[in-house]
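Student: Take this structure first; my questions come after.
There are 2 protein chains.
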Amino acid sequence: MRIGEFSILKSDDRARAGVLKTAHGEVPTPVFMPVGTVGSVKSLGPDDLQDTKAGIILGNTYHLYLRPGDELLKRRGGLHEFMRWNGPILTDSGGFQVFSLAGLRKLTEDGVEFASHINGSRHFFSPEKVVRIQENIGSDIMMVLDECVAYEQDYEYTRKSLELTTRWATRCREAYPRDRGDQLMFGIVQGGFYPDLRRESAEQITDIDFEGYAIGGLSVGEPKQEMLELMRYTAPLLPAEKPRYLMGVGKPLDILEGIAAGIDMFDCVLPTRNARNGTLYTSRGKVNIKRAEYREDDRPLDPECDCYACRNFSRAYLRHLYVSRELLSYRLNSLHNVHFFVNLAAKARRAIVEGRFFSFLSSYRDIYGE
Amino acid sequence: MRIGEFSILKSDDRARAGVLKTAHGEVPTPVFMPVGTVGSVKSLGPDDLQDTKAGIILGNTYHLYLRPGDELLKRRGGLHEFMRWNGPILTDSGGFQVFSLAGLRKLTEDGVEFASHINGSRHFFSPEKVVRIQENIGSDIMMVLDECVAYEQDYEYTRKSLELTTRWATRCREAYPRDRGDQLMFGIVQGGFYPDLRRESAEQITDIDFEGYAIGGLSVGEPKQEMLELMRYTAPLLPAEKPRYLMGVGKPLDILEGIAAGIDMFDCVLPTRNARNGTLYTSRGKVNIKRAEYREDDRPLDPECDCYACRNFSRAYLRHLYVSRELLSYRLNSLHNVHFFVNLAAKARRAIVEGRFFSFLSSYRDIYGE
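So the sequences go chain by chain: A and B.
Using this note's numbering, the final residue of the first sequence is 1365, and nothing's skipped along the way.
Using this note's numbering, the final residue of the second sequence is 1365, and nothing's skipped along the way.
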C-alpha cells in the first residue's frame, strides 16, 4: 500500500473494516486513538501503550505548540522520536482547544488570536500556521484548522462559520499539497446542529482533496440522541472510499453506533480521564473501583481482559491503590481503560469481518445502553 | 542455604559482600531496599521494580495496618500476592511512624497508643501486636517494636527508653520464636546520640537471638557528621556474622559510608520522594531536571545507566514531562532514581568482591561529597 491509501476489506451494512496506510505503519480500522495531549498518554509510557495494543495515538497541536513548542519538537526529530512512540500519530489542528477558550480568543478571516491557558501570552493560529506546526510535530495525519461552533449557535452564524471553515480548509491543503511529503491531511465538516448546513459543509469540504474526512463539532453539550442523529446523517455525506473520523467521541456505545454509521476513527479523553477518577470500563459494564464491594474482591477487574492490570492484579488491590491515592493507581487504571477502548474497536472490526457486527453492537447496547 | 542464613563471601576492610537467604529468595548484600509504603513503591509497578533490579523492598507496617489492613492482607494471601511482588519484603515495626506522630501518641510499658493520620481513630501497638501484624502481612523480615527517641532527647530519658526497647525486643522474639515459621526477625539498637547508651543497647539487643540487627534512631535531624560517627561507632558492636541494617539512611554517600562501616542493608524514601520533585541521581551527580539547560538536551539522563528511562528518553523529554506535570514524569523519575540507589549498592558489592571498594567510595566522595 502507498502512504495515504485506504482500503476497505469488508463491510457489514454501513460498518466497514479497513486499513489506512501511514508513514509509521498501517492502521486497521475501525480504530480508537488514545489521546496523548502533551507528549504522553496521561500516566502511560510507550511500553504501557504497547500493552494496550493502541495502533495510533492522538496529539494536541494547541498543547504541544505551547509546551514544549513545535520548533523544539522539530529540532528533537519530531514527536515520535521525542516521546519514543514509533506508531502513527494524528494531531488535531488546535481549533477545538482554541474555541474552548471562550473570551480569550479573537476570530478574523485570517485566523484566530488567543491567550495561552498556561501564562496568558498572546498567540495567533492561521490555517497555514497550524499546518506548519503539525509539520514540525511530524504527525502522520494532520487536521485542518476549523471553527467549532457552540451547541446553541444560531443558523446564520453557523452558516457563515462553515464557509470560513471551508476557506481555511482550502488554505490548509494549499499549505501542504499532496506532493509535499508523507503526512496525510484530513478535512473537517462543521455546520452545527443544522442538517442542511452539515450537508453544505460536507459538499464544500469533500470538494477539497483530503486523504480523509472528519465530523467535527459534535459532543459539545448536545443531547445524546441529537448527536447520534446528526452523526448518522453526516457520515454518508463523506466519500465512502476515504477514512471517516468522528472527532472527540465518545463513550463505548457511541463508538459502536459510530461504527454502525460508517465511521472508521475515534478519539476521546474518556478512558484516561475516567481512569483517574476511578471509573473503569469492563466487558460487564462500568466499575467504580472505590466502592466498598471491591474491598476483598480477588478477581481481576475484567476476567475477559488481558491487559497488564487484569493479568496481574485484583480488584481489591486496584481499589486499595485508588483509595490510598497511590500514583500507580493512575497508571494501572489508565492502562486498562485505554486497552478497553482500543480493544472495543478491534473487536468491532473482527465482528465486521465475520459479518456479525450488529449482534455484537446489540450485546453492548445491553451493557452500555443508558 | 537455609532460610535466615547469612554468609559473607568477601570483605574489604570492614565492608562486606554477603548473601542473606529469605523465604522469597536470596538477597545479595550490600543492598538498597526501595520503600513501598502502602503496597506500592510510589508510582512503580512490579514490572518497573524488576527493571530497577531491586532485590528486596520495604513495606511500612503502620501504613499497611491502617490501609488496607493486615487482616485483609492475610485473607488476600499476604502482601506479596496482593501487590504481585515475588521477591523478599522487609517490614518495619511501625515504631518510627508512630513516634513521628508527636502529640498523637501515648507510651506505656505495654506499648503505644496512637491516632491514625488518616481519620484520627485510636489504635494500640504492643510488641506482640506488631509481630502479629507482620505475620499477617507475611513479610520475609520483620522488625521489632522500638522507641525512636528525638535528636535532642536527654540522657536519662534515652537510657530508660533503650531499656524499654530491649524489653519490647524480648517480647517480640517470644511472640515469634525461631521455630514458628519462615519469617526472619531483626532487633533494633537504639540509645540516641550517647555512645555509651548505644553500646549498652547493642549489648542488650544482641543478647537476644535475632537473624539480623539494625541501627535505629539515626537520620532524625542530627548533623551529618554526628550521624556518621555514631554509625561507625555502633556498627562494629553488632555481630559480624549477622546482617546489619541501617534504618532510613540515606543519601548515596551515606550509604557508601555505611558500607565502609560494615553495614549490609539500607532503605530510604529519598529516591522516590526526590523523583517526584524532579531531583534525579546520576553517575555525575544530582540533576534538577526542571532546569532550562535540559530543555534541548537530547542525551539520556545518565549515559551510564541502563534503566528504562535512560534507555529510551532524553533529558529534554524528562524535563518536558516534569514541567508539564505529566503523571508519566513520576514513573520515569522514580524508576531511574530507584535503579540508581539499587545499582549503587550492587556496584559497591562488586567493588568489595574485587577488592577495590575504597577507591570506588572515594570516586563517589568526589561526586556526592557535600
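Even glycine gets a Cβ: it sits at the ideal position worked out from N, Cα and C.
From a predicted model like this one, the values you see are computed outputs, not experimental measurements.
1. Kindly indicate which residue of Ala1287(B), Leu1296(B), Ser1358(B) has the alpha-carbon position closest to the one of Pro1063(A).
2. Take the Cβ of Ala1046(A) as the centre, count every other Cβ of all protein chains shown within 10 Å, and call the residue buried at 16 or more, exposed below.
3. Whose C-alpha, out of Arg1271(B), Ser1214(B), Gly1273(B), is nearest the C-alpha of Gly1253(B)?
4. Find the nearest neighbour of Thr1267(A) within the set Arg1173(B), Leu1275(B), Glu1321(B), Pro1029(B), judged by alpha-carbon distance.
5. Could you list which residues in chain A have their beta carbon closer than 7 Å to that of Asp1293(B), in chain order?
6. Taking all protein chains shown into account, do 16 or more other C-beta atoms lie within 10 angstroms of the C-beta of Ser1196(A), making it buried, or fewer, making it exposed?
7. Roughly how many angstroms lie between the CA atoms of Glu1224(B) and Gly1031(B), to the nearest whole one?
8. Quick one: which chain B residues come within Cβ less than 7 Å of Glu1079(A)?
9. Per DSSP, Lys1005(B) is paired with what?
10. Ignore the nearest five residues each way along the sequence and tell me which others in Gln1199(A)'s own chain have a CB closer than 6 Å to its CB.
11. Looking at chain B, which residues of the region 1113–1132 of chain A have a Cβ within less than 7 Å of any of its Cβ atoms?
12. When you compare only the Cα positions, how much space is there between Val1348(A) and Gly1115(A)?
13. Could you work out which residues of chain B lie near Pro1063(A), taking near to mean beta carbons separated by less than 7 Å?
14. Please report the distance separating the alpha-carbon of Asp1141(B) from that of Ala1256(B).
15. According to DSSP, is Cys1263(B) part of a helix, a strand, or is it coil?
16. In whole angstroms, what is the alpha-carbon distance linking Leu1044(B) and Met1180(B)?
17. Specify the secondary structure class of Pro987(B) as computed by DSSP and reduced to three states.
18. Short of 8 Å Cβ to Cβ, which residues in the region 1001–1026 of chain A face chain B?
19. Kindly indicate if chain A contains any beta-carbon less than 7 Å away from that of Gly1082(B).
20. Between the beta-carbon of Asp1259(B) and the beta-carbon of Pro1231(B), is there less than 7 Å?
21. Kindly identify the DSSP beta-bridge partner or partners of Asn1283(A).
22. Identify every run of the alpha helix (DSSP H) within the region 1050–1119 of chain A, keeping only runs that are complete inside it and at least 4 residues long; order them along the chain.
23. Check whether the Cβ atoms of Gly1040(A) and Thr1024(A) lie closer than 7 Å to each other.
24. Please decide whether Ser1319(A) counts as near chain B, where near means a Cβ-Cβ distance under 7 Å.
25. Along the chain, where does the alpha helix (DSSP H) that runs through Phe1027(B) open and close?
26. DSSP puts Gly1020(B) in a beta bridge; with which residues?
27. Going by C-alpha to C-alpha distance, which of Ser1358(B), Arg1227(B), Glu1000(B), Leu1339(B) sits closest to Arg1173(B)?
28. Considering Phe1353(A), what are the terminal residues of the alpha helix (DSSP H) in which it resides?
29. Quick check: what's the CA-CA separation for Gly1212(B) versus Leu1099(B)?
30. In angstroms with no decimal places, state the Cα-to-Cα distance between Glu1151(B) and Phe1109(B).
31. Run through the DSSP bridge pairs and tell me what Phe1335(A) is partnered with.
32. By the criterion of Cβ-Cβ separation under 9 Å, what are the contact partners of Ala1270(A) in chain B?
33. Which term fits Ala1343(A), buried or exposed, when burial requires 16 or more other beta carbons within 10 angstroms of its beta carbon?
34. Which of the three DSSP states is assigned to Ile1136(A) in this structure?
35. Strictly below 8 Å CB to CB, what residues from chain B border Arg1326(A)?
36. Should Met996(B) go down as buried or exposed, given a rule of 16 or more other Cβ atoms within 10 Å for buried?
Tutor: Result, derived from the coordinates:
1. Ala1287(B)
2. Reading the sequence as shown, one finds Asp at residue 1046(A) and not Ala. Its Cβ being crowded by 16 or more others within 10 Å, Asp1046(A) is buried.
3. Ser1214(B)
4. Glu1321(B)
5. Arg1071
6. buried
7. 29 Å
8. A quick correction: the sequence has Arg, not Glu, at residue 1079(A). Simply Asn1307, Phe1308.
9. Ala1012(B)
10. Thr1161
11. none
12. 50 Å
13. His1315
14. 23 Å
15. strand
16. 24 Å
17. Here chain B comprises residues numbered 996 to 1365, so residue 987(B) is not present and cannot be evaluated.
18. none
19. no
20. no
21. Thr1274(A)
22. 1056–1061, 1065–1070, 1074–1078, 1090–1095
23. no
24. yes
25. Phe1027(B) -> not in any alpha helix (DSSP H); beta strand (DSSP E) instead, spanning 1026–1031.
26. Thr1017(B)
27. Glu1000(B)
28. 1352–1363
29. 19 Å
30. 24 Å
31. None; Phe1335(A) has no bridge partner.
32. Ordered by position in chain B, no residue passes the 9 Å Cβ test against Ala1270(A), which lies about 10 Å from the chain.
33. buried
34. strand
35. Ser1038, Gly1040, Leu1322, Arg1326
36. exposed
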